[in-house]
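2 protein chains.
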Amino acid sequence: MMTKLVLAAACVSLCQGCVSAQASRGTAGAAAPKVVLIIGDGMDGQQITIARHYLVGERGWLTVDEMPVRSAVRFETVAEEDPSLPEYVPDSANTATSMAAGIVTSAGRIGTTAGTDQDVVSIMELAAAAGLRTGIVTTASVTDATPAAFVAHVNWRLCEGPRGMVASNAANRVFAVDCAPDLKANGGKGSIAEQIAASRLDVVLGGGMGQFAQIAEGETTKTVADLAAANGFTLARTAAELAALPRTSKVLGLFAPGTMPVKWRGVGDAKAEHVRHVDGRVVLPEPFTCEANPEFAPSPKLVDMTRAALEHLDGRGFMLMVESASIDKQSHFRRPCGQIGELGQLDETLRLVLDYARQHPETLVLVTADHSQAAQLLPEHSVLANAASPGYFARLRTPEGALLGVGYSTNDSTVQEDHTGGDVPLLASGPGAQSIPATIRQRDIFGLLTRHLGLTAPRE
Amino acid sequence: MMTKLVLAAACVSLCQGCVSAQASRGTAGAAAPKVVLIIGDGMDGQQITIARHYLVGERGWLTVDEMPVRSAVRFETVAEEDPSLPEYVPDSANTATSMAAGIVTSAGRIGTTAGTDQDVVSIMELAAAAGLRTGIVTTASVTDATPAAFVAHVNWRLCEGPRGMVASNAANRVFAVDCAPDLKANGGKGSIAEQIAASRLDVVLGGGMGQFAQIAEGETTKTVADLAAANGFTLARTAAELAALPRTSKVLGLFAPGTMPVKWRGVGDAKAEHVRHVDGRVVLPEPFTCEANPEFAPSPKLVDMTRAALEHLDGRGFMLMVESASIDKQSHFRRPCGQIGELGQLDETLRLVLDYARQHPETLVLVTADHSQAAQLLPEHSVLANAASPGYFARLRTPEGALLGVGYSTNDSTVQEDHTGGDVPLLASGPGAQSIPATIRQRDIFGLLTRHLGLTAPRE
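As you go down the protein sequences, you meet chains A and B in turn. Under this note's numbering, the first residue of the first sequence is numbered 921, with each subsequent residue one higher. Under this note's numbering, the first residue of the second sequence is numbered 921, with each subsequent residue one higher.
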């Protein structure tokens, strides 16, 4: 909640070349630097391999496979109670904060420092201050952790809307923080939705209408959406409304109450299940294929939202973050078809972005994941006789006619999986991409953004 | 077993620049091209992250992290019964065959084609034929799948020594192949050990004395080691004997009956175990640290063997394959300290190789894994209340004072884990490294080797 801005040293060391880039910062015209940062939430190497086999076959190539430059991203997380101690498995809040602000913080934190709760300036705030356009596109609620960390500053990721500021505190058993210090009544900036409504963002597209429909803190009738409108946002609730908006206005597109429906599901809603043991023998789950999720049809696709965002942002330099959020969420819920479909949405969107970048070669395109996820590509039957996954297991029949095993075994709960802690990929194209080291810290992604956009950030 | 040589198309398409490189092929002197291919068996991104946290801390840098170029390697495997069908999780035999010979084959096969059992020429055979020196270093038995695929041609990876040619056929329940066609009596080339003994390799260092001590097929008193001696190999059985060998001779160093002892183990031989449930509550395993494995001390380390290999091969162009084999084997057996120690051995060896490459800038250094493995970096306790891994789980206390969770849950057997199917890293430095695409097929590694060494292979 504290308003003092803290900047990571990461930016300073990476900001070589700022001087020349600064000359073009914020100027109109084709040469103004542009960044599209595409985040596949939970999109680790296992997820990409699983999706590739299903979407294009073992010998096919995804668009993500054709990016010219690769790095591995090492995330860092610290303990809230003692920020000198590392934690080895992150969440989407602290990892997005690392990318958006160049710092290391504790799990659950959005744009704030571990232990000391200081606000850290984000790339979106820096870009807007420099006259660049800014945008956020996600298939999650726009108040979800990943997009939130690019614009808001709260103690805890569940401080999403006015009601959550109070209700979620009681439910917070996981993180050692709560929303109270962020209430406006306590001198804070309010919920994530209220901070988005008050932000300088030009484009905000995704789910989350449920948060914006709530009465804003301290108001009697005005909703958060009303505050956004007062700040110049035009609201869109359908793909048709989005398409009809004038390209000059600030846009807040909210196409679902919370997370947007995903593109695919298992046939008949099949997902991974426990292997059965009958008369001492393993009985594997029946193979299934993927089908269109009937709830998905009316939604704008990720590629549609991204196209709209590019149209709104074009004409000036900009910073755009695009998230395919439900790769992670569907993997949490042991739904392989869901995660594959959402990775397909990301891949389709990347094609669009690369087409845009070919027309606008001043565009740096980065594709990465925030953290790794539970799903593992397993043998469809174990090499060992009468052995099988002790967790949840699915066998997908791929279009090329083979069986693909997907296992989920990070924990034994019936609720959902945990994250895992392995390095994740960064893929890049555009100016400066070739000079990205082959292994980087996640906070250094912030430095890649500021360097390309010619931004320098205030020092502590 | 068939002697007809088959060459993958992969080489041809990747072999741009062969003409100029060919000019120096096989010539003596500092400029002759050299390759060191380091394979971490099972060394996927999760393994590297786990090892990094323990060996150098969350913010430390392994040598492997400092390599300048990264790619992701997609392995391909086909079904023996129908090679038009993919299998999505490979083994070390077919993946090493892909790297060594540029082809796609079925699990368990060593230097032979799926279904049709044709021998495929390996990079070691090509290099030797072109007058380059060749060497193999491994912490496994030198007859184990990975090194075997660089020199031998058999139906099945367990055709390691004369006795195995018969005995293992009865035990082969996993792969649809056996050793009978490879018996010399049946017109084959004999076991892997016998093929190594008869090979043109200059340096063979690792474990596997047990295979070479067997009476060779068709002999009454001569062992496989005797055949090797007759082919010009000088045998070394200890680090001291290795150090004393003249640098000009062919060297066969066999320092253990089978796999060499690993460097580390859990304190008191601790490894991952099942989480217990007491009175309906999860009781996590006690954290442990790693300690030196007392069986390791007398063995030459991987870095020692590699140093000796470089000394023997130096002075001419060469092709050297170095494998840290027990990253995979220790992960199979749910031993996190074992796998970390062996990744540490690889990292120490890479430092030596990079030092050599600085003195010999004509050296291409590649570091990769053959396939991904079971171990996942998990939260040391689940984010969900009273939930824990359904498989085997360990909590390591890292030197920086935090807890690191490692889970193994590919199957529920008490014997060992399965492999997994995710892409693996390729890291590179040296001539041509910068032009390696960011995503490659595993068989294209063969093309990288032939291109740098200026080799062209016979066509089918």
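Virtual Cβ for every residue (Gly too), placed ideally from N, Cα, C.
Under 8 Å between C-beta atoms of Ala1027 of chain B and Glu1007 of chain B: yes
Spatial distance of Thr1376 of chain B from Ile1365 of chain B (CA atoms): 14 Å
Cβ of Gln966 of chain B within 8 Å of any chain A Cβ: yes
Helix, strand or coil at Ile968 of chain B [DSSP, three-state]: helix
Beta-carbon neighbours of Ala1307 of chain A, restricted to chain B and to distances below 7 Å: Asn1331, Asp1332, Ser1333
Neighbour flag for Gln1279 of chain B against chain A, beta carbons, 8 Å: no
Min CB distance Ala1034 of chain A to chain B below 8 Å: no
Arg1254 of chain B versus Arg1185 of chain B - alpha carbon distance: 11 Å
Neighbourhood of Arg1310 of chain A by C-beta, 7 Å cutoff - its chain only, sequence neighbours within 5 removed: Looking at the sequence itself, residue 1310 of chain A is Pro, so the reference to Arg does not match. Ser1329.
Test: Ser1302 of chain A CB closer than 8 Å to a CB of chain B: yes
Ala1295 of chain A vs Ile970 of chain A beta-carbon contact at 8 Å: yes
Counted within 10 angstroms of its Cβ, other Cβ atoms place Ala1358 of chain A as buried (16 or more) or exposed: buried
Residues bridged to Leu1147 of chain A (per DSSP): Leu1147 of chain A is not bridged to any residue.
Minimum length 4: unbroken alpha helix (DSSP H) runs contained in the segment 1214–1255 of chain A: 1222–1233, 1246–1252
Alpha carbon of Arg1029 of chain B to alpha carbon of Gln1259 of chain A, nearest angstrom: 33 Å
Secondary structure of Ala1118 of chain A, DSSP reduced to three states: coil
Straight-line gap, Asn1014 of chain B to Ser1042 of chain A (C-alpha atoms, nearest Å): 48 Å
Simplified DSSP state of Phe995 of chain B, which is helix, strand or coil: coil
CA-to-CA distance, Leu1263 of chain A to Pro1256 of chain B, given in whole angstroms: 31 Å
Closest residue to Leu1346 of chain A among A:Val1223, A:Val989, A:Gly977, A:Lys954 (Cα-Cα distance): A:Val989
Per-residue contacts from Val989 of chain A into chain B (C-beta, under 8 Å): Ala1358
CA nearest to the CA of Arg1120 of chain A, picked from A:Ser1004, A:Ala1150, A:Arg1201, A:His973: A:Ala1150
8 Å Cβ cutoff, Thr1288 of chain B in contact with chain A: no
Reduced DSSP secondary structure (H/G/I, E/B, other) of Lys1142 of chain B: coil
Endpoints, beta strand (DSSP E) assigned at Leu1324 of chain A: 1323–1328
Distance between Gly960 of chain B and Ala1277 of chain A (C-alpha atoms, nearest Å): 37 Å
Inter-residue Cα distance where the pair is Glu1001 of chain B and Thr1288 of chain B: 29 Å
Closer than 8 Å to chain B by CB, Ala950 of chain A: Any reading at Ala950 of chain A must be qualified, since the residue scores a pLDDT of 47, below 50, and its modelled position is unreliable; the value itself is stated next. Judged by the 8 Å Cβ criterion, Ala950 of chain A is not in contact with chain B.
Residues of the segment 1056–1082 of chain B whose Cβ lies closer than 9 Å to any Cβ of chain A, in chain order: none
Rounded distance between the beta-carbons of Pro1067 of chain B and Ser1111 of chain B, thought under 8 Å: Going by Cβ atoms, the distance from Ser1111 of chain B to Pro1067 of chain B rounds to 14 Å, so no, they are not a contact pair.
Counterpart residues of Lys954 of chain B in DSSP-defined beta bridges: B:Phe1238, B:Thr1283
Under the three-state DSSP convention, the category Gly980 of chain B falls into: coil
CB contact check: Asp985 of chain B to chain A, cutoff 8 Å: yes
Sufficient close CB pairs (3 or more, under 8 Å) joining the segment 1122–1129 of chain A to the segment 1047–1065 of chain A: yes
Proximal residues to Leu1369 of chain A (C-beta, below 6 Å), its chain only, five neighbours per side dropped: Val955, Ile1043
Residues near Thr1283 of chain B by beta carbon distance below 6 Å, same chain, minus five either side: Lys954, Ala1277, Gly1350
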